[in-house]
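Engineer:
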Amino acid sequence: MVKYIIRRVLIVIPIMLILSFFTFSLTFIASSDPVTLQLESMGVKADAETINAKREELGLNDPFLVQYGRWLSGVLQGDFGNSYKSGVPVMQEFTKRLPNTLALTASALLLTILIAVPLGILSAVFQDSPLDYLLRLISFLGVSMPSFWVGTLLMLLFGVKLKMLPIQGSGDFKHLILPALTLAIWMTCLYIRRVRGSMLEEMNKDYLVGGMAKGIPRRRVILRQVLPNSLLSVITMFGMSIGALLGGATVIETIFEWKGVGKMAVDAISIRDYPVIQAYVLWMALIYVMVNLLVDLSYLILDPRIRLEGKNI
Amino acid sequence: MKVYIKKALNNRLFMVLFFLAIITVLIPIFAPYTAPHDPLAQDYKNAMISGSAEYPLGTDQIGRCILSRLIWGGRTSLLIVFVVVAIVFVVGVTLGMISGFYGGWIDMLITRFTDLVMAIPSTIFVIALVSVLGPGLGNTILAMSLVGWTEYCRVSRALVLSVRENTYVEEARLGGLSRFQIIRRLILPNTIPYLLVNVTQDIGSTLLTLSGLSLLGLSSQPPTPEWGFMLSEGRKFIQSAPWLIIYPGLYIVIHVIIFNLLGDSLRDILDPRYEKTKNRKRSAKKWLERN
Numbered sequence: 001m002v003k004y005i006i007r008r009v010l011i012v013i014p015i016m017l018i019l020s021f022f023t024f025s026l027t028f029i030a031s032s033d034p035v036t037l038q039l040e041s042m043g044v045k046a047d048a049e050t051i052n053a054k055r056e057e058l059g060l061n062d063p064f065l066v067q068y069g070r071w072l073s074g075v076l077q078g079d080f081g082n083s084y085k086s087g088v089p090v091m092q093e094f095t096k097r098l099p100n101t102l103a104l105t106a107s108a109l110l111l112t113i114l115i116a117v118p119l120g121i122l123s124a125v126f127q128d129s130p131l132d133y134l135l136r137l138i139s140f141l142g143v144s145m146p147s148f149w150v151g152t153l154l155m156l157l158f159g160v161k162l163k164m165l166p167i168q169g170s171g172d173f174k175h176l177i178l179p180a181l182t183l184a185i186w187m188t189c190l191y192i193r194r195v196r197g198s199m200l201e202e203m204n205k206d207y208l209v210g211g212m213a214k215g216i217p218r219r220r221v222i223l224r225q226v227l228p229n230s231l232l233s234v235i236t237m238f239g240m241s242i243g244a245l246l247g248g249a250t251v252i253e254t255i256f257e258w259k260g261v262g263k264m265a266v267d268a269i270s271i272r273d274y275p276v277i278q279a280y281v282l283w284m285a286l287i288y289v290m291v292n293l294l295v296d297l298s299y300l301i302l303d304p305r306i307r308l309e310g311k312n313i
Numbered sequence: 314m315k316v317y318i319k320k321a322l323n324n325r326l327f328m329v330l331f332f333l334a335i336i337t338v339l340i341p342i343f344a345p346y347t348a349p350h351d352p353l354a355q356d357y358k359n360a361m362i363s364g365s366a367e368y369p370l371g372t373d374q375i376g377r378c379i380l381s382r383l384i385w386g387g388r389t390s391l392l393i394v395f396v397v398v399a400i401v402f403v404v405g406v407t408l409g410m411i412s413g414f415y416g417g418w419i420d421m422l423i424t425r426f427t428d429l430v431m432a433i434p435s436t437i438f439v440i441a442l443v444s445v446l447g448p449g450l451g452n453t454i455l456a457m458s459l460v461g462w463t464e465y466c467r468v469s470r471a472l473v474l475s476v477r478e479n480t481y482v483e484e485a486r487l488g489g490l491s492r493f494q495i496i497r498r499l500i501l502p503n504t505i506p507y508l509l510v511n512v513t514q515d516i517g518s519t520l521l522t523l524s525g526l527s528l529l530g531l532s533s534q535p536p537t538p539e540w541g542f543m544l545s546e547g548r549k550f551i552q553s554a555p556w557l558i559i560y561p562g563l564y565i566v567i568h569v570i571i572f573n574l575l576g577d578s579l580r581d582i583l584d585p586r587y588e589k590t591k592n593r594k595r596s597a598k599k600w601l602e603r604n
C-alpha cells in the first residue's frame, strides 16, 4: 500500500510539468504582444523601437524553450513575475486574495454538508413520501436555476428590499453571507439528489433485507451499513466541489464583487494579464491534482475492496 | 428502437414535455410573429416600466420590450446551445465508439486525452479560450464544444464495450459484416437511445453555462438580444428595475426545467433499471409484510 501511495504521489510531478508547459504556451497562442499590453496599461503609446528594446530586456526575443525554462525556475521559487496591469508581484496579489476564496469555500461547503446529507438521507429513507416529493421538487428547481440568478434574487431580497445585508463587496462576515448562501443553495440541491440516489442504490442491495431478516432493526442497518457505503460515492463529488470552489466560483465572486482568486482570474483574463492568468491556471491544476490524489487516498482508507487491490500492485 | 418509440408515445408525461420542448424551439424561430415588438426598437416614453398591456414584461432602460427581446434572444441562446450539444454529441460519440470498438493503443490514446481534457476545469478553460480568441458567437461555440465532448466519449465507450460482448456482434463478424457495418447496424442503434438522455439533459446545463459566460461578457455582443446578456445588463438596475433580472432569469429557468424534465422522463422510458428497482422494492416490501 505504501508503494501505491508513493507512486500515486510521484505521478503528480510529471502531470504538473505538462500542465505548466501548457500554461506557459497560453501566452504564445495569444495574438497580442505582452509588451504592448504592458505599455498601454501604463498609458504609453510606444513605437516599434521601444517595444523591441523592452522585449529584449524582458527576454521575450529568446527561443520559446529558454523562456519557458526561465519562467519555470522562477515559479519553482515562488516567483510568477509581475502583473502587467498593477506591476505588483503576482504571488503577492494571489496570497492577498486566497483567504477570501478559502473563507467562501469553507462556509459554502459546510452549509451544504450540514443541510444536504441529512435531507438526502431522509429523502431516500422515506422514498415516495410527501417529504421525498417535496425535497425532490426543491432540489430539481435548485439545479435548474442559474446560480448567479439565485444570487441576484437574494441580493434583491436581503440587500435591496430588507436592507439587512450589503449587496456587494468583500472581506468581512456580513459580505460573506450572501455569496456563501448562493453557492450553498445550488450545491445543496445537487447533493440532495446525489445522496438520495446513492442511498437508494445501496438500499436496493440484498444486505438490507438480509440484515433485517437477521432481526437487526432497519434503522440500524441503514445507519451502520447503507450510509457509509453510499457516502463513498459522494466523496468523489465532494472532492470535485472543493476543487471547483478553491478555483474561485468565478461567476458568483464576480456578481458579489467578492475579491477571491476567481474574480482575480476573470479580471486578468479580460485585460490579458498573462502572468496572473498563468499563475491562476497553475493553481487550478495544482488543486485538481491534489484533490484527485486526496480522493484516491481517502478511498484507500475507507474502502477495503480498493485497499486490498492496492496491496497487489 | 421501435419498442422505445412505442413506449414514448404511450407515456403521457413524456409527450407533454416533448410538445413543450417543440414549442420552446418554435417560438424563437417564428419570432417575427410571436414577438409583440421589434427587439431593438426604443420607446423612450415607456422606458423602465414594470409591465403594461403593451409591454407585458416591461421595458428596459431605453424602452425596449423585454418579452420581445427574450423571444428574439432565444434565437441566439438556443442556437448556440443546440449547435454546441450537436457538436459535442457527434465528436464525443465518434471518439467513444472508435475507442471502445477498436481498443488497443487507439483506445488508450483517446482515453488519456479525454482524461486530460476533463482535468481542466471547464468554466475556466472556456473563459480563458474565449478571452484569447475574442468574444463572439463562433468562439463561444468553439470553446464550449472543446470541453463538452468528454462525457459523451466516456459514456459511449462504456456502452460500446458492453454491447460488443454480445454474441450477436460476434456472429455478425463471423457472418462477414465489416467493422463499420457492425457499428452502424448493431452498436449505434443499441447505444443511441441512452445517449439521447444525456443530450436532453445537456441542453439544460449548456444553457446555464452559456448564461454564465454571457454574464461575464464573453458571449454575444450587444445589441443582439441574448438571455444571459440581458441578465447581466439588468444587474445594473437591481435597485430601480428588478424585473430586468427577474423575467430573463425565469425565462431561462423555464427552458432548463422543460429540457431537464424531458431528459428525466426519457431516462425512465429507456432505462429498464428504473422499472426493476421499483419492482424490487415492492417485492421487498411484500416480503416484509408477509413476515
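These protein sequence lines are chains A and B, in that order.
So the first sequence is numbered by the working numbering: it starts at 1 and just counts up by one.
So the second sequence is numbered by the working numbering: it starts at 314 and just counts up by one.
The C-beta atom is built at its ideal place from N, Cα and C for all residues, glycine as well.
Consider the Cβ of Ala360 of chain B: report whether some Cβ of chain A lies at a distance smaller than 8 Å.
Structural biologist: As a working note, residue 360 of chain B is residue 47 in the second sequence. No, because no Cβ of chain A sits closer than 8 Å to the Cβ of Ala360 of chain B.
Engineer: With DSSP as the reference, identify every bridge partner of Asn82 of chain A, one or two as the case may be.
Structural biologist: Within the first sequence, the letter at position 82 stands for residue 82 of chain A. For Asn82 of chain A, which the question treats as bridged, DSSP gives the partners A:Pro89.
Engineer: With the cut-off set at 8 Å, would you say Arg196 of chain A and Ala249 of chain A are in Cβ contact?
Structural biologist: Locating residue 196 of chain A in the first sequence gives position 196, where the first residue counts as 1. Locating residue 249 of chain A in the first sequence gives position 249, where the first residue counts as 1. Contact flag unset, no.
Engineer: Inspect the beta-carbon positions of Leu323 of chain A and Leu109 of chain A and report whether they are closer than 8 Å.
Structural biologist: No answer is possible for residue 323 of chain A: it lies beyond the span of chain A, which begins at 1 and ends at 313.
Engineer: Taking Cβ-Cβ distances shorter than 9 Å, what residues in chain B pair up with Pro130 of chain A?
Structural biologist: Counted from its first residue, the first sequence places residue 130 of chain A at position 130. Near Pro130 of chain A there are no residues of chain B at all, since even the closest Cβ is about 18 Å away, more than 9 Å.
Engineer: Determine the DSSP secondary structure at Thr513 of chain B, reduced to helix, strand or coil.
Structural biologist: Counting from 1 along the second sequence, the entry for residue 513 of chain B is found at position 200. Three-state DSSP puts Thr513 of chain B in a helix.
Engineer: Just to check, is the beta-carbon of Met284 of chain A closer than 7 Å to a non-hydrogen atom of the ligand PLP?
Structural biologist: Only the bare structure without any ligand can be found here, which leaves the ligand PLP out of the picture.
Engineer: Report, in whole angstroms, the separation of the C-beta atoms of Trp258 of chain A and Pro179 of chain A, which I expect to be a contact under 8 Å.
Structural biologist: Locating residue 258 of chain A in the first sequence gives position 258, where the first residue counts as 1. Locating residue 179 of chain A in the first sequence gives position 179, where the first residue counts as 1. With 8 Å as the limit, Trp258 of chain A and Pro179 of chain A qualify as a contact, their Cβ atoms being about 5 Å apart.
Engineer: So Phe148 of chain A contacts chain B; which residues on that side make the cut at Cβ distance below 7 Å?
Structural biologist: Locating residue 148 of chain A in the first sequence gives position 148, counting from the first residue. Those within 7 Å of Phe148 of chain A in chain B are Gly525, Leu528.
Engineer: Specify whether the region 51 to 69 of chain A and the region 319 to 335 of chain B touch according to this definition: at least 3 beta carbon pairs, one from each stretch, less than 8 Å apart.
Structural biologist: Not touching, per the Cβ criterion.
Engineer: Please list the terminal residues of the continuous alpha helix (DSSP H) segment that includes His175 of chain A.
Structural biologist: The count along the first sequence starts at 1 and reaches residue 175 of chain A at position 175. Segment 173 to 203, the alpha helix (DSSP H) holding His175 of chain A.
Engineer: Mind listing which residues of the region 251 to 268 of chain A have their C-beta closer than 8 Å to chain B's C-betas, in chain order?
Structural biologist: Of all residues in the region 251 to 268 of chain A, Val251, Thr254, Ile255, Ala265, Val266 have a Cβ within less than 8 Å of some Cβ in chain B.
Engineer: Just verifying my parser: in three-state terms, what is the DSSP assignment at Thr254 of chain A?
Structural biologist: To locate residue 254 of chain A, count along the first sequence from 1; it is residue 254. Helix, per DSSP.
Engineer: With a threshold of 6 Å on Cβ separation, who are the neighbours of Met328 of chain B within its own chain once the five nearest residues in sequence on each side are excluded?
Structural biologist: In the second sequence, residue 328 of chain B corresponds to position 15, counting from 1. Cβ within range, chain order: n/a, list empty.
Engineer: For Ile287 of chain A, I'd like the list of residues in its chain whose CB is within less than 7 Å of its CB, leaving aside the five on either flank, ordered along the chain.
Structural biologist: As a position in the first sequence, residue 287 of chain A is number 287, starting the count at 1. Excluding residues within five positions, the ones whose Cβ falls inside 7 Å are Gly243, Leu246, Gly247.
Engineer: Starting from Asn452 of chain B and walking both ways along the alpha helix (DSSP H), at which residues does that stretch end?
Structural biologist: Within the second sequence, numbered from 1, the residue matching residue 452 of chain B stands at position 139. Run containing Asn452 of chain B: 450 to 461, per the alpha helix (DSSP H) assignment.
Engineer: How would you list, in chain order, the residues of chain B whose beta-carbon sits under 8 Å from the beta-carbon of Val160 of chain A?
Structural biologist: Taking the first residue of the first sequence as position 1, residue 160 of chain A is located at position 160. Those within 8 Å of Val160 of chain A in chain B are Ile551, Gln552, Pro555.
Engineer: For Asp373 of chain B, is the classification buried or exposed, using 16 other Cβ atoms within 10 angstroms of its Cβ as the cut-off for buried?
Structural biologist: For the purposes of this step, residue 373 of chain B is taken as residue 60 along the second sequence, with counting starting at 1. Asp373 of chain B comes out buried.
Engineer: So, using beta-carbon positions, are Trp385 of chain B and Ala344 of chain B closer together than 8 Å?
Structural biologist: Sequence index remark: in the second sequence, residue 385 of chain B carries index 72 (1-based). Sequence index remark: in the second sequence, residue 344 of chain B carries index 31 (1-based). Contact flag set, yes.
Engineer: At which residues does the alpha helix (DSSP H) containing Leu408 of chain B begin and terminate?
Structural biologist: Within the second sequence, residue 408 of chain B is the residue found at index 95, counting from 1. Looking at the DSSP string, the run of the alpha helix (DSSP H) that includes Leu408 of chain B is 379 to 415.
Engineer: Mind listing which residues of the region 275 to 295 of chain A have their C-beta closer than 9 Å to chain B's C-betas, in chain order?
Structural biologist: Those residues of the region 275 to 295 of chain A that come within reach of chain B (Cβ to Cβ, closer than 9 Å) are Ile277, Tyr280, Val281, Met284, Ala285, Ile287, Tyr288, Val289, Asn292.
Engineer: Run through chain A and tell me which residues come within less than 7 Å of Ile570 of chain B, C-beta to C-beta.
Structural biologist: As a working mapping, residue 570 of chain B is identified with position 257 in the second sequence. Ser144, listed in chain order.
Engineer: Going by DSSP in three states, Thr50 of chain A sits in which element: helix, strand or coil?
Structural biologist: What you label residue 50 of chain A is simply residue 50 of the first sequence in a count that begins at 1. Helix at Thr50 of chain A.
Engineer: Among the residues of its own chain, which have a CB less than 8 Å from the CB of Asn312 of chain A, if the five just before and after it don't count?
Structural biologist: Sequence index remark: in the first sequence, residue 312 of chain A carries index 312 (1-based). Its pLDDT being 46, under 50, Asn312 of chain A is placed unreliably by the model, and the measurement read from it follows with that caveat. Cβ neighbours of Asn312 of chain A beyond the five flanking positions: none.
Engineer: Can you check whether the C-beta of Thr152 of chain A is within less than 8 Å of a C-beta belonging to chain B?
Structural biologist: On the first sequence, residue 152 of chain A is found 152 positions in, with the first residue counted as 1. Interface residue, yes.
Engineer: Is Ala348 of chain B close to chain A, meaning its C-beta is less than 8 Å from at least one C-beta of that chain?
Structural biologist: Position 35 of the second sequence, counted from the start, is the residue given in the question as residue 348 of chain B. Ala348 of chain B does not count as touching chain A.
Engineer: From the DSSP output, in three-state form, read off Thr23 of chain A for me.
Structural biologist: Start at 1 with the first residue of the first sequence, and residue 23 of chain A comes out as number 23. The answer is helix: DSSP assigns Thr23 of chain A an H, G or I state.
Engineer: Using the Cα positions of His350 of chain B and Val12 of chain A, report the straight-line distance between them to the nearest angstrom.
Structural biologist: As a first step, residue 350 of chain B is located in the second sequence; it is residue number 37 there, counting from the start. As a first step, residue 12 of chain A is located in the first sequence; it is residue number 12 there, counting from the start. C-alpha separation (whole angstroms): 58 Å.
Engineer: Would Trp418 of chain B be called buried (16 or more neighbouring beta carbons within 10 Å of its own) or exposed?
Structural biologist: Walking along the second sequence from the start, residue 418 of chain B turns up at place 105. It counts as exposed.
Engineer: Counting only Cβ pairs nearer than 7 Å, list the residues of chain B close to Leu156 of chain A.
Structural biologist: Start at 1 with the first residue of the first sequence, and residue 156 of chain A comes out as number 156. Neighbours of Leu156 of chain A on chain B, chain order: Ile551, Pro555.
Engineer: Is Thr347 of chain B helix, strand or coil by DSSP?
Structural biologist: The residue you call residue 347 of chain B lines up with position 34 of the second sequence. Note: Thr347 of chain B maps to helix in three-state DSSP.
Engineer: What residues are listed by DSSP as bridge partners for Thr519 of chain B?
Structural biologist: As a first step, residue 519 of chain B must be located in the second sequence, where it is residue number 206. Paired residues: none, contrary to the question.
Engineer: When the cut-off is 8 Å and only beta carbons count, does Leu330 of chain B lie next to chain A?
Structural biologist: Walking along the second sequence from the start, residue 330 of chain B turns up at place 17. Answer no: the Cβ-Cβ gap between Leu330 of chain B and chain A never drops below 8 Å.
Engineer: Residues bridged to Thr372 of chain B by DSSP?
Structural biologist: Within the second sequence, the letter at position 59 stands for residue 372 of chain B. Thr372 of chain B is bridged to B:Cys378.
Engineer: Given that a residue counts as buried once 16 or more other Cβ atoms are within 10 Å of its Cβ, and exposed if not, what is Tyr560 of chain B?
Structural biologist: In the second sequence, the residue the question calls residue 560 of chain B occupies position 247. Its Cβ being crowded by 16 or more others within 10 Å, Tyr560 of chain B is buried.
Engineer: Against chain A, with Cβ distances strictly below 8 Å, would Arg492 of chain B count as a contact?
Structural biologist: Within the second sequence, numbered from 1, the residue matching residue 492 of chain B stands at position 179. Chain A contact via Cβ: absent.
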